[in-house]
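Notes to accompany the following structure.
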Amino acid sequence: MNPDFGKRQSAVFLILWALALLALSALMQGCEDSTGPFPPPNQPQLDKNVEQAARASWQTIASLNTNERLFKTVQGKSAVMTEEPGAITNLKQLRRHQHKLMQVVQEAAKANRFQKAMAESLIWKITWQDSLSGTAGVKALLYDPATGIGRAYVVISQFPPQVKVRYDSTDARIDLGGSLSDSTDDRLLTIDHLSLFREGFPVQKVESHVEATDWGPGNEVTGAIVSNVVDYAPQSELVRLSQNAEFNPDGSGSVAERFDYQDNTFRQSQINFYANNTGEFNEVWRNGITVDGTFDLLEPDNHATITRTIHFPDHPQIDRIEEEAEYTLNPTDSSSAGILVKRVVFHDGGLDTVRVEAEHFLNPDGNWVDHLVIHTSSEGEAEVTVTQLDGYQEFEGNHTTPEGLFMVFHGTEYQNGNGELFLDLYASRAAYNQGEPPLLSL
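Here the sequence shown is numbered in the numbering used here, starting from 260 and rising by one per residue.
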C-alpha cells in the first residue's frame, strides 16, 4: 500500500487519527502502520475524557489498518502490489497491453501494407485525431525479416483537458515469425510503457518495462518479469516508487517495492510467493522497524492464514508485536470473514492482547460492508461498521473503555478525501441507553 496517497488507507481512519493527535498532542515515534500499543500521554493536564476518546480512536485505526493489510497479502501478488496510474502491476493489465499491441499488427495486415525489407523498416503507420474523444496519436509497425522480430507502438500525444494524463506511449517487441500474414505464431517479447501526467497531479511520470517469460494457448503471456518506476510531484513527501515483480504460471513469483522520500528515508518490502500457495515477506520501515512473516493464500481452498512479527530495535518499552490472522472467503459472493489476534510483547515481560473479528459482506441494498468487533486486554472493547456507497462511505461504531466510559461515533468519508466525524463520550453504556447527556462531544 502506498502510505502517502491513501490507496486505501481510508480517510475515516485519518479523521480518527487526527482526533487522537489533537487529544494527546504527541504520539510515540515509531509504528508507521499504527500497530503498537497506545502510548501514555506526555501532558498530564489533558482532560481524561479526551484521552479516553483518543485511545478508542487509535484502537479502531490500528485494527482496521492491520486487518486490511494482512488480508491483501493472502489475496496474492495482484493485491499486494501498489497501484499507481499507468503502472503495470499484474498479468491482467499486461494482457490488455498485449492485445492492444497485437491489434496494431492486425490493422497493418488488413491494410495490406506488408512489404519486403532487408532490415528493420517501417512497414505501416497511421496517425489520428479524434475530436469526439479529444485524443490524437500515432500507431506504427516496424519489421526485421532477418530476425522475424517486429516493433509495434502506440503513442497518444493529446488527451482531453479533464484527463490527468498528458502523454502515453507503449512500445513492444513481438516475434512475428517468418510470415507476417500468419498471426497464430505471433509472440509478445517485451513491453516498454511511459505515462506523463499534468502539472499538479500527485504522480508525474510512470515508466514500465515487461519481459515475457512464459506463454499459454494462443501465445497469451502467462509469465513475466515486470518493473515500474513512479516519480511523484515535487510537493509530495514521496520522491519515487520502484517496483520489481515476477509472475510465473505455477503461481510462484515475487514482489519488491521501495518508497523513497524527500527526507532521504525509505521504506521497502519483499514478498515471495511459492508454487504451493504459501509465501513469506519482510519489510523495513522508515524508522528502522523491521517486519517479517509467513502466509498461505486464499487459493485454492478459499482459506488462508498469515503471521506477522514487528520488531522494535530501539523502542524503550516494546520488544515486538506478534500477529496471527485466519481468513475464509465465500467465492459465491466474494464475502469474507476473519479473526486477527495481536500480542504486544514488552521488554519487561508484560503482554497486551487484541482480538479482532472481521466480516466483509454485501448488505440487502447491494453495498459492501466491513464490520469489526475489537476486544483488547487493556483498552476495552469496540465495534465499527463501514458501508461503501456510491462516491462515499459511511461509518459508525462504539467503544467501551476499561473504566466503563462509552463512546459512540459516526461519520462520512467522500472520494475526494473530505469527511465529517461526530463523536460523543458518555459516563457509561447505561448512561447512553438512558438518554443522559454526553461528557464530551466532538
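Note that CB positions come from ideal geometry on N, CA and C, so glycine has one too.
- Proximity to L439 across D519, H634, Y402 peaks at Y402, based on C-alpha coordinates.
- The C-alpha of E470 lies about 36 Å from the C-alpha of N675.
- DSSP places K351 inside the alpha helix (DSSP H), whose first and last residues are 350 to 369.
- Note that the C-beta distance between D592 and L621 is below 9 Å.
- A distance below 6 Å between beta-carbons, with the five flanking residues on each side excluded, links K398 to the following residues of its chain, in chain order: V363, I385, V413.
- Between the segment 655 to 666 and the segment 613 to 629 there are fewer than three C-beta pairs closer than 8 Å, too few to call the two in contact.
- Within the segment 617 to 665, no run of alpha helix (DSSP H) at least 4 residues long lies entirely inside it.
- When DSSP states are grouped into helix, strand and coil, V422 belongs to the coil group.
- By the beta-carbon neighbour count (other beta carbons within 10 angstroms, threshold 16), G345 is buried.
- Bridge partners of I484 according to DSSP: E470, E505.
- L455 and R545 have their C-alpha atoms some 28 Å from each other.
- In the three-state reduction of the DSSP assignment, R545 falls in the coil class, being assigned neither a helical nor a strand state.
- Counting C-beta pairs closer than 8 Å gives three or more between the segment 566 to 581 and the segment 605 to 613, which meets the contact rule.
- In the three-state scheme derived from DSSP, where H, G and I count as helix and E and B as strand, N677 is classed as coil.
- H634 has its alpha-carbon roughly 46 Å from the corresponding atom of V422.
- The alpha-carbon separation between A515 and I408 amounts to approximately 31 Å.
- With a cutoff of 9 Å on beta-carbon distance, F418 and G437 are scored as not near each other.
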